[in-house]
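A short write-up of the structure that comes next.
Right, here's the structure in full:
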């Protein structure tokens, strides 16, 4: 990235504030138990973690909403939770972050999704998942879609689908939600689940990681750039999306755009200086890409912006977000040392 790109993106970042972005997807509470390991349990060959700290953060679609709110967007979230303490905690934290939670749906049909990670010496020891949500009832599907329509009528400038495969984004909701957005000419950005990959036809951008991209097309994963380029062309052609951003870990990202008959590929090297935890990096990528797009960025500048944001969050432990100030400082620092 050169200084001209930096100043262009910095100018765009001033337009982040007030952009109306709606997040539709699976909301979950991420719990963290941090401690130290000094010995192995006499009861079984497992480490004993002496707990030093416990905390919770918004996960899944909630992390997307928090990222957007921290960046200055006027963010609303549509999701389903149980009627329990985890749901109350999520509502409180989302409201505190600045997100609009008026479209959260609480139900007695299931409990709120929770993931508990035990961390010792900066390493994840074990994770416990509570995934109690089942397929949504027709009534809940109808309510979620009505909430989306309400946000579209209220001037949403972009909609992000945060698909963790936990029940909200079922085939019926995906198809109807895309139709609602398309009829109002509102761009749709998707962080996909493999089993729903081919349902996301005609969206503005889809942001799978390498595994999701190959898996979504029913192919074995390969990491080579030529293979990724071939795959990207197939995805653009089949899904007819305006752009495709494949996140590739230490290989950075590859952006595909379709200006004509043949998709164009742009390889963006990773900007992470240190990697402690990749949890939630995909949430930051789609948040920044969609927000930059809504603020007037080209797909190329939106991808560069998202890449720098991901570089910031992977240097943090746990589910994390990035502020506008952190983003611009990371970019400025990169220019100085490049």
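In our numbering, the protein residues as written are 99 to 436.
Just so it is clear, CB atoms sit at the ideal spot from N, CA and C, and this is done for glycine as well.
Beta-carbon contacts of residue i that lie in its chain and below 7 Å, excluding the five residues immediately before and after
| i | result |
| --- | --- |
| residue 171 | 114, 117, 119 and 389 |
| residue 229 | 211 and 264 |
| residue 151 | 132 |
| residue 293 | 263 |
| residue 149 | 131 and 133 |
| residue 233 | 265 and 268 |
| residue 235 | 207 |
Residues near residue i by beta carbon distance below 6 Å, same chain, minus five either side
| i | result |
| --- | --- |
| residue 350 | 366, 367 and 368 |
| residue 339 | 301 and 304 |
| residue 243 | 274 |
Beta carbon of residue i nearer than 7 Å to that of residue j
| i | j | result |
| --- | --- | --- |
| residue 419 | residue 165 | yes |
| residue 260 | residue 159 | yes |
| residue 345 | residue 383 | yes |
| residue 246 | residue 304 | no |
| residue 249 | residue 177 | no |
| residue 407 | residue 386 | yes |
| residue 275 | residue 392 | no |
| residue 271 | residue 279 | no |
| residue 184 | residue 204 | no |
| residue 337 | residue 299 | yes |
| residue 322 | residue 295 | no |
| residue 202 | residue 156 | no |
| residue 327 | residue 363 | yes |
| residue 154 | residue 127 | yes |
| residue 237 | residue 209 | no |
| residue 331 | residue 306 | no |
| residue 425 | residue 108 | no |
| residue 121 | residue 334 | no |
For residue i, the first and last residue of its enclosing alpha helix (DSSP H)
| i | result |
| --- | --- |
| residue 324 | 323-337 |
| residue 240 | 236-251 |
| residue 59 | Since the first residue shown for the chain is 99 and the last is 436, residue 59 is missing from the structure and cannot be characterised. |
| residue 272 | 269-281 |
| residue 107 | 101-111 |
| residue 385 | 379-392 |
| residue 417 | Counting along the chain, residue 417 falls outside any alpha helix (DSSP H), and DSSP gives it neither H nor E. |
| residue 403 | 397-411 |
| residue 192 | 183-195 |
Cβ-based burial, residue i [other Cβ within 10 Å; buried from 16]
| i | result |
| --- | --- |
| residue 162 | buried |
| residue 430 | exposed |
| residue 215 | buried |
| residue 269 | exposed |
| residue 397 | buried |
| residue 494 | Within the shown structure, residues of the chain are numbered from 99 to 436, placing residue 494 beyond reach of any answer. |
| residue 302 | buried |
| residue 324 | exposed |
| residue 309 | exposed |
| residue 355 | buried |
| residue 129 | buried |
| residue 312 | buried |
| residue 412 | buried |
| residue 317 | exposed |
| residue 284 | buried |
| residue 206 | exposed |
| residue 123 | buried |
| residue 417 | buried |
| residue 227 | exposed |
| residue 219 | exposed |
| residue 239 | buried |
Own chain partners of residue i with C-beta closer than 8 Å, once the 5 adjacent residues on each side are dropped
| i | result |
| --- | --- |
| residue 422 | 111, 114, 168, 169 and 170 |
| residue 253 | 118 |
| residue 223 | 135, 145, 147, 216 and 217 |
| residue 225 | 213, 214, 215 and 216 |
| residue 182 | 209 and 210 |
| residue 352 | 323, 326, 327, 330, 343, 344, 346, 363, 364, 365 and 366 |
Range covered by the beta strand (DSSP E) that runs through residue i
| i | result |
| --- | --- |
| residue 130 | 125-138 |
| residue 365 | 362-366 |
| residue 149 | 145-158 |
| residue 227 | 221-228 |
| residue 215 | 211-218 |
| residue 172 | 172-180 |
| residue 295 | Run containing residue 295: none; DSSP gives neither H nor E here. |
| residue 260 | 256-260 |
| residue 200 | First-last for residue 200: undefined, no H or E at that position. |
| residue 115 | Careful: residue 115 lies outside any beta strand (DSSP E) and carries neither H nor E. |
| residue 341 | 341-345 |
| residue 355 | 351-355 |
message: Contact between the region 129-140 and the region 255-266 is defined here as three or more beta-carbon pairs at a separation below 8 Å; is this criterion met?
response: no
- prompt: Contact between the region 139-151 and the region 391-408: three or more CB pairs below 8 Å?
  reply: no
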